[in-house]
Structures are given as C-alpha cells and as structure tokens.
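Numbering (this note's numbering), first residue to last: 358 to 699. Even for Gly, the Cβ is constructed at its ideal location relative to N, Cα and C. No experiment lies behind these values; they were computed from the predicted model shown. Note sheet for the following structure.
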C-alpha cells in the first residue's frame, strides 16, 4: 500500500503595510492579522490591517507565487506612505512570540538612527523559538537594521541569470542574494503591477522559497533550516565582481527563433493599436518600454488582457510573466509561441 506523505502547514507572518481585503478570495488562502499603531505614545492593537499602499499585498503576492499552500498572519505597521516607527516594529515582534508562525517576513529596514537593543533582543528570542526571521537589506546599502542581526537572514536582490538565481551563505553579512527580475504581481482587485528589482521583493521571494522547502522538510531547528537553504544555493562564496558576471541583460530579439512574417506583421498591427502608435516601423525598432511606444508607462497587465482577447488564450497565472517578456515585439512573439503554441 502506498502512503501519501502529509505536507506540513506553514504560516508566514508579514510585517508591512497590511494586505488587500480581497487577497484571500483571489488566492483561496487563509489570512488573518492585526494592525499595530502608536497613539499618544502608547501601542494599540487594532483589527484593521487593510493595505492602503499596496506594498504589503505585493509582498504576499510574491510569497504565494513561490508557495501557494500557505497561511498568512499580517501585521500592519506602515501607512499609505510606507512610514512607520520602531516602537510598532518591536511591538509586532513581541506579539509574534505567542503566535504559531514559522517565518517572519520583514521587507523593510529601520533608519540608521533606529538602532535599539530591544529590537536585537526580541529577534534573538524569536530565533530561539525556532522561528525564521527574514529581512530586506535597505536598497543601495550593504547593511541595515534588522537585517544586520545574526539572528535574521539578510536578503539582497540582483538582476541575475536564471541558472544563478539563488545564493545563500550563513557566514556572509548579506546571507542571501536572489534573482529579482520584476514580474507581474497582484496588488488589488483586477490589477497586477510589475514588481521586483528591489530588496523587499527579494526578501519576499526567499520567504516563499523557504516555505516551500519547509512544507516538504519540516524543521524548527534554525541551523538545519540554513543547511536546507545551503543545499539550494548555486554558490556558497561570491563577490560583487563575480555576481556582475552573472548579470542578466534583456534580449531584444532572439536569433534562435524563426519569426513567421505574417504573424509578426499581425502582432505589430495589434501592438500599434494598443499603444496608438502611428508609425508601425517603430514597433520593430524600439523597446515597448520606450517613450516611442508606451511613453514609459506601466502597461504589461493591460496589454496581456488585450492579447488574451485578440488571440483567444487564457492566462492562469499572470505572475509567470516578467519584465523581459515585454521588452519588444520579438519577446512578445516568443512567449506567444512558446506558452500558447501560437
């Protein structure tokens, strides 16, 4: 008789700007949470954790795209301007001491003058409980709080080739470097935006990746968890010059593909209609992101919906699409051919 191994439930706490109230219906997942706010110098726990900015929702979208079968506990501490304070962060982490969560995602960084011994101590207490803390390194910085703490996994995003998409070492100041090419992610009802190319995205991606690992190989031992991450790593030792060798550059036209001229011309016509481009020859010469075509405005999700209608396909997961898929008419032709047998 064959036995089916039951996958472990994994719960991720996200300390951020909250989450869109339609998220759980969109992705059919369990979502609960609180808001933590400072009123008259006193911490208040409130029921409202609705996302007024979209950053927290994007974080959850990245995570669930990596590991669909998870539960979320949301703690809202950032407002519509993504502003918060260290008191709310400390109170949020203290609250999680008594919550059954496996991973704590902090796609945020505290300002340089925010060094506080209480924050360091609470991170250690959570780590001692077997909870995995993941934090984004401040964009453009080599270190930031709380990512700098030894009890927190510090994450940085870089534009890397897909075969060098994940590197982990518990011995480095920045423990994890992860590919952060922007993809389409859910932000609110009927709206996906291109999100990535930042350390917040990278931290969320690691949280989802780790959740997927823990569902298959449960562990409350942080040292064992780090060994599991090390097994997934493409490199254990790296330098900035070495990472630059693995940098990915967008491909305007893939010369390995034979382009059908009739289909290509039809696609050019449709692109011209969508972007209201008068000179169709510009479609062949310029990136779709250029001022000549899209005026450098966000367009990917609306364009995909347009293509669905024109070519009669249905996209089951918009997050499989990354920014490079929309570089040019040739990259669009490529994904239509490869994904939808056009």
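Beta-carbon within less than 8 Å of residue 424's beta-carbon, same chain only, minus the 5 sequence neighbours each way: which residues are those? Closer than 8 Å at Cβ, skipping near neighbours: 367, 565, 566, 568, 569 and 572.
For residue 586 versus residue 592, is the C-beta spacing smaller than 9 Å? Not in contact: residue 586 and residue 592 (Cβ atoms no closer than 9 Å).
_With 16 other Cβ atoms within 10 Å as the buried cut-off, status of residue 393_ = Burial call: buried.
query: Which of the three DSSP states, helix, strand or coil, is assigned to residue 304?
result: In the structure as shown, the chain begins at 358 and stops at 699. Residue 304 is therefore absent and cannot be evaluated.
N-terminal and C-terminal residue of the alpha helix (DSSP H) that residue 625 is part of: From DSSP, the alpha helix (DSSP H) with residue 625 extends over 618-632.
Q | Minimum C-alpha distance to residue 428 - residue among 417, 407 and 527 | A | Comparing Cα positions, the closest option is 417.
query: Thinking just about the alpha-carbon of each residue, which of 432, 468, 438 and 612 is nearest to the one in residue 451?
result: Ranked by Cα distance from residue 451, the first of 432, 468, 438 and 612 is 432.
Q. Between the C-alpha atoms of residue 581 and residue 508, what's the straight-line distance to the nearest angstrom?
A. Rounded to whole angstroms, residue 581 to residue 508 spans 14 Å at the Cα level.
So what's residue 550 in DSSP terms, helix, strand or just coil?
Of the three classes helix, strand and coil, the one that applies to residue 550 here is strand, per DSSP.
- Assumed close pair residue 476, residue 373 - CB separation to whole angstroms, cut-off 8 Å: Not confirmed; about 16 Å, so no contact.
* Asked: Residues in its own chain within less than 7 Å of residue 444 by CB, not counting five upstream and five downstream?
  -> Cβ within range, chain order: 395 and 400.
Whole-number beta carbon distance between residue 615 and residue 625, since they are thought to touch under 8 Å: So it is not a contact: roughly 17 Å between Cβ atoms.
- Query: DSSP on residue 358, reduced to helix/strand/coil?
  - Reply: Residue placement at residue 358 is flagged as unreliable, the pLDDT there being 44, under the threshold of 50; the coordinate-derived value follows with that caveat. Residue state, collapsed to three classes: coil.
Exercise. So is residue 618 buried or exposed if we call it buried at 16+ other beta carbons inside 10 Å?
Worked result: When all chains shown are included, residue 618 counts as exposed.
Tell me residue 412's beta-bridge partners as DSSP assigns them. BP columns for residue 412 are empty, so no partner.
| said: By the DSSP assignment, the alpha helix (DSSP H) with residue 404 in it spans what residues? | reply: Neither: residue 404 is in no alpha helix (DSSP H) and is coded neither H nor E.
- Do the CB positions of residue 683 and residue 663 come within less than 9 Å of each other? Between residue 683 and residue 663, the C-beta spacing is not below 9 Å.
- Query: Counting Cβ pairs closer than 8 Å, one from the stretch 672-682 and one from the stretch 537-549, do we hit at least three?
  - Reply: These segments touch.
(request) Identify which residue in 473, 502 and 545 has its Cα closest to the Cα of residue 377. (result) Nearest Cα to residue 377 within the set 473, 502 and 545: 545.
Nearest neighbour of residue 671, chosen from 442, 453 and 693 [CA to CA]: Taking only the C-alpha atoms, the option nearest residue 671 is 693.
Considering only residues of the stretch 438-507, which uninterrupted beta strand (DSSP E) runs meet the minimum length of 3 residues and lie entirely inside it, listed in chain order?
-> When DSSP assignments are scanned along the stretch 438-507, the uninterrupted stretches of beta strand (DSSP E) that are 3 or more residues long and fall wholly within it turn out to be 460-463 and 489-493.
Next item on the list: Would you decide whether residue 660 is buried or exposed? Buried here means 16 or more other CB atoms lie within 10 Å of its CB.
Entry: Buried.
TODO: Count the other C-beta atoms from every protein chain shown that fall within 10 angstroms of the C-beta of residue 633, then say buried if there are 16 or more, exposed otherwise.
DONE: Residue 633 is exposed by the Cβ-count criterion.
Let me confirm a value: residue 422 is counted as buried when at least 16 other C-beta atoms fall within 10 Å, else exposed. Which label applies?
So residue 422 counts as buried.
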